[in-house]
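Chemist:
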Amino acid sequence: MDFALTDEQVAIFDMARAFGEAEIAPHARDWESRGTIPKDLWPRIAELGFGGLYVSEDSGGSGLSRLDATLVFEALSRSCASVAAFLSIHNMCVNMIDKFGSAEIKARFLPSALTMQTVFSYCLTEPGSGSDAAALKTRATRTNEGYTLNGTKAFISGGGYSDAYLAMVRTGEDGPRGISAVIIEAGSDGLSFGALEEKMGWRSQPTAQVQFDDCKIDADNLLGEEGKGFAYAMAGLDGGRLNISACSLGAAQSALEATLTYMGERKAFGRSIDQFQALQFRLAEMEIEMQAARVFLRQAAWKLDNRAPDATKFCAMAKKFVTEAGSKVADQCLQLHGGYGYLSDYGIEKVVRDLRVHQILEGTNEIMRLIVSRAMLAERG
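Residue numbers (the working numbering): 1 to 381.
(1) With respect to the alpha helix (DSSP H) encompassing residue 70, which residues constitute its N-terminal and C-terminal limits?
(2) Thinking C-alpha only, which one of 57, 201, 133 and 109 is nearest residue 33?
(3) Could you round the C-beta distance between residue 209 and residue 244 to whole angstroms and report it? I think they count as a contact, below 8 Å.
(4) With H, G and I counted as helix, E and B as strand and the rest as coil, what does DSSP make of residue 93?
(5) Fully enclosed by the segment 217-243, which alpha helix (DSSP H) runs are 4 residues long or longer?
(6) Give a yes or no on contact between the segment 339-349 and the segment 255-262, applying the rule of three or more CB pairs nearer than 8 Å.
(7) Report yes or no: do three or more beta-carbon pairs, one from the segment 264-274 and one from the segment 212-221, lie closer than 8 Å?
(8) Whose C-alpha, out of 78, 87 and 377, is nearest the C-alpha of residue 120?
(9) Quick one: what's residue 153 bridged to in DSSP?
(10) Does the pairing of the segment 320-329 with the segment 163-179 give three or more beta-carbon distances under 8 Å?
(11) Is it the case that the Cβ atoms of residue 204 and residue 83 are separated by a distance below 8 Å?
(12) For residue 318 versus residue 371, is the C-beta spacing smaller than 8 Å?
(13) How should residue 180 be labelled, buried or exposed, when 16 other C-beta atoms within 10 angstroms of its C-beta is the threshold for buried?
(14) Once DSSP output is grouped into helix, strand and coil, what is the label at residue 41?
(15) Skipping 5 residues on each side, what residues in its chain have a beta carbon closer than 6 Å to that of residue 301?
(16) Using DSSP with H/G/I as helix, E/B as strand and the rest coil, what is residue 120?
(17) From residue 80 to residue 355, what distance separates their C-alpha atoms?
(18) Give the secondary structure of residue 170 by DSSP, where H, G and I count as helix, E and B as strand, and everything else as coil.
(19) Anyone know if the C-beta pair for residue 12 and residue 55 falls short of 8 Å?
(20) If you draw a straight line from the alpha carbon of residue 274 to that of residue 64, how long is it in whole angstroms?
(21) Within 10 Å of its beta-carbon, does residue 230 have 16 or more other beta-carbons around it, so buried, or fewer, so exposed?
(22) Our contact map puts residue 161 next to residue 36 with C-beta atoms below 8 Å; I'd like the distance itself, whole angstroms only.
Given below as structure tokens:
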């Protein structure tokens, strides 16, 4: 069993880290205060191949493994988890187009999505359906020309900002088999957006409701087959859970490293605070948490890449463990900074705020426990 990254994987991580430190970290606080990410960032990220991380090479993507992709998100999140997580959302949409789209829909959307001239948002959650995603109400009614959409999507990262929206809508009966996936382009008649949400974290991502009021789209904007949308959405969640875990890992690691530096500089009672044994124990506990989280995440990614039968269980376990470990470490880093950790100048409080939502999205950590326990019971049988 080899736990070492390959030379290529190390190069991927280093490339993403260097880009983040040069192009994201110096601006992250400003983007947060403005509540938006400059659109010109995305084509520059795409030049590194990050606009289609696990899109097949035949389709023009980078063809990376899910383990490779976690390295990208971990590295970028060292500079800003909010920016890295938004990139993850775009990649989930583009991967779904590559995996489930017809040749025609791929030809229409993939080229500009891979260069990130077209930025995608993902629309599943609704005001009345979060964890119970199969209860969604947004309806797409068949017409001679295509579909007419009516309904509302909630908490959409990129609402009113993105260039296209991949939405789960109801085309048939109640339940998961009545759900289809469609693409709605910005500027479509009947497409509008709610006011920008005021959020605890991820403040650089514009977040708003996406509203469909007799919104008309062509029949060609159907992704794959009618009635398969829920299956497509679920197929993307394992990887999404790995990505968001990697975002927690990278941001928490940056906070831990900043804390190590701070503790060597901060003096109390005549010596630097890293010389107090009680605080050294806290550092050790955080390092143990981070190392355990990293190994767990990479094991789950390896299982997903190798299509292990228990991959979904491991992705759920890793998501629960890593996102909670990341938040715990970030909170301890703030505590060790004392009052300075509470100030925006040091960047620690931003990490605490950004990471909190990771325990909610891509399936709440309560749902992760449910997935794991059900898998355990099935294995027992």
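Ideal Cβ positions, reconstructed from N, Cα and C, are used throughout, including at glycine.
Modeler: So, to answer that:
(1) Residues 66-77.
(2) Ranking 57, 201, 133 and 109 by Cα distance to residue 33 puts 201 first.
(3) Going by Cβ atoms, the distance from residue 209 to residue 244 rounds to 21 Å, so no, they are not a contact pair.
(4) Of the three classes helix, strand and coil, the one that applies to residue 93 here is helix, per DSSP.
(5) Unbroken alpha helix (DSSP H) runs of no fewer than 4 residues, entirely contained in the segment 217-243, are not found.
(6) With the cut-off at 8 Å, the segment 339-349 and the segment 255-262 touch.
(7) For the pair of segments examined, the segment 264-274 was found not to touch the segment 212-221: the number of CB pairs separated by less than 8 Å stays below three.
(8) With distances taken between Cα atoms, residue 120 lies closest to 87.
(9) Within the DSSP secondary-structure output, residue 153 pairs in a beta bridge with 210.
(10) Taking 8 Å as the limit for Cβ pairs, the verdict is that the segment 163-179 does not touch the segment 320-329.
(11) Contact: yes.
(12) Contact: no.
(13) Burial call: buried.
(14) Helix, per DSSP.
(15) So the qualifying residues of the chain are 66, 67, 70 and 242.
(16) Looking at residue 120 - three-state DSSP - the assignment turns out to be strand.
(17) The alpha-carbon atoms of residue 80 and residue 355 are separated by roughly 10 Å.
(18) Strand, per DSSP.
(19) Cβ distance not < 8 Å, so residue 12 and residue 55 don't count as in contact.
(20) Roughly 40 Å separates the two Cα atoms.
(21) By the neighbour-count rule (16 or more Cβ atoms within 10 Å), residue 230 is buried.
(22) About 7 Å separates the CB atoms of residue 161 and residue 36; that is less than 8 Å, so the two are in contact.
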